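**Student:** So the sequence shown is numbered by my numbering: it starts at 1158 and just counts up by one.
Yeah, the Cβ is synthetic: ideal placement off N, Cα and C, and Gly gets one too.
The structure presented is a predicted model; accordingly, all values stated were derived computationally and were not measured.
Mind having a look at this structure? Questions to follow.
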Amino acid sequence: VRTPLVVGNWKMNFDHLEATYFVQKLAWLLRDAHFDYKRCEVALMPSFTSLRSVQVLVDADRLNIKYGAQNVSVTNQGAFTGDVSADMLARLGCSYVLIGHSERRKYHPVDDANIVDQVRAVLTAGMRPILCVGEGLEERREGIELEYAVSQVHDVTRDLSDDQASQLIVAYEPVWAIGTGMVATPSSAQDAAKAIREDLAQTFNNHVAQAVRILYGGSVSSKNAVETLDQNDVDGFLVGGAALDADEFSLICRLA
Ligand code: 13P
């Protein structure tokens, strides 16, 4: 059985003071006995500049909230001005790193080779990659959305070992649903997650396919979370806008 995972992607929001305030508020909102962190993993993805503050707070209060980064370099050290390595993130206690988010693909074009190297760098540093995939409106209009998302996962992961692949988390985020209020129907989120899982079973084996958590992302809110999470192959959410409000985000965690 896969533990549901709810990830808040803050994107380029919150300085370290706001991040600190949010984490404290979230921990307070989820403090009661009705919320069991073993039954729903909660993770936040702050900006690089807030990671240290989040780490200190999580450590000091022994919070069960996990955290990670929104991007990572493919190299481990050296003359790469402005980059941050996977080891640096691991040293800050990061559990996860987002890879290939559609906003990164759009504003900082990367190719698949680059994404493969990022996945490997994250795994080598002992963290888990959250690989983001999903079709745009064009692919959806053409009716090739499933093939598109499946191949985005397949092309990047096929050369991993079984062990490495079982560490993966995939986030299916149709680009047209991100920040638009247009959420994918529960059944289309399920169709994509199922197709991705079937391909993982073919590429690796059923054990790997059953271990990988597949999240849905794109206009997730407390109003649409339950139905989507009821789907067999959807194991949680990657939340954007609704992750900037601690009350709303804590509600989504509770529903999961
Ligand atoms: P929204 O939840 O704001 O649509 O963003 C989704 C997203 O991109 C999460 O990574």
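Which value, in whole angstroms, describes the spacing of the CA atoms of Phe1394 and Leu1162?
**Tutor:** Between Phe1394 and Leu1162, the C-alpha separation is close to 7 Å.
**Student:** Throw me the rounded Cβ distance for the Ala1366 and Leu1357 pair, which I believe falls under 8 Å.
**Tutor:** With 8 Å as the limit, Ala1366 and Leu1357 qualify as a contact, their Cβ atoms being about 4 Å apart.
**Student:** Helix, strand or coil: how does DSSP classify Leu1220 here?
**Tutor:** Coil, per DSSP.
**Student:** Please report how far the alpha carbon of Thr1360 lies from the alpha carbon of Gln1181, in whole angstroms.
**Tutor:** One C-alpha to the other measures close to 42 Å.
**Student:** Decide if the segment 1319 to 1326 is in contact with the segment 1292 to 1305; the criterion is three or more beta carbon pairs, one per stretch, under 8 Å apart.
**Tutor:** Touching, no, given that fewer than three Cβ pairs across the two stretches are closer than 8 Å.
**Student:** Please return the same chain residues whose Cβ sits closer than 7 Å to the Cβ of Ala1403, not counting the five positions on each side in sequence.
**Tutor:** For Ala1403, where only same-chain residues beyond five positions count, the Cβ hits under 7 Å are Phe1179, Lys1182, Leu1183 and Leu1186.
**Student:** What does a CB cutoff of less than 8 Å around Lys1351 pick up in its chain, not counting 5 residues either side in sequence?
**Tutor:** Taken in chain order, the residues that qualify are Asn1389 and Asp1390.
**Student:** Verify the contact flag: Asn1166, CB atom, against every heavy atom of the ligand 13P, threshold strictly below 7 Å.
**Tutor:** Yes, the ligand 13P has a heavy atom inside 7 Å of this Cβ.
**Student:** Tyr1305 to Cys1251, Cα distance in whole Å?
**Tutor:** Cα to Cα, Tyr1305 sits roughly 30 Å from Cys1251.
**Student:** Is the segment 1215 to 1225 touching the segment 1251 to 1270, taking contact as three or more C-beta pairs under 8 Å?
**Tutor:** Because the criterion of three Cβ pairs below 8 Å is met, the segment 1215 to 1225 and the segment 1251 to 1270 touch.
**Student:** How many Å lie between Asp1189 and Ser1376 at the Cα?
**Tutor:** Answer to the nearest angstrom: the Cα atoms are 27 Å apart.
**Student:** Please report the straight-line C-alpha distance between Asp1244 and Met1284, rounded to a whole angstrom.
**Tutor:** Each residue's alpha carbon lies about 9 Å from the other.
**Student:** Got a sec, what are the start and stop residues for the alpha helix (DSSP H) Leu1303 sits in?
**Tutor:** Unbroken alpha helix (DSSP H) run through Leu1303: Glu1302 to Thr1314.
**Student:** In angstroms, rounded to a whole number, what distance separates the CA positions of Leu1408 and Gln1275?
**Tutor:** Each residue's alpha carbon lies about 32 Å from the other.
**Student:** Following the continuous alpha helix (DSSP H) through Met1202, name the residue where it begins and the one where it ends.
**Tutor:** Note, Met1202: premise wrong, no alpha helix (DSSP H); beta strand (DSSP E) at Glu1198 to Met1202.
**Student:** What is the DSSP secondary structure of Gly1398, reduced to helix, strand or coil?
**Tutor:** Reduced to three states, the DSSP call for Gly1398 is helix.
**Student:** In chain order, which beta strand (DSSP E) runs of at least 3 residues are fully inside the segment 1317 to 1341?
**Tutor:** Taking only runs of at least 3 residues, the beta strand (DSSP E) segments lying wholly in the segment 1317 to 1341 are 1326 to 1329.
**Student:** Hey, would you say Ala1382 sits closer than 8 Å to Ala1413, going by beta carbons?
**Tutor:** In this structure, Ala1413 lies closer than 8 Å to Ala1382 by Cβ.
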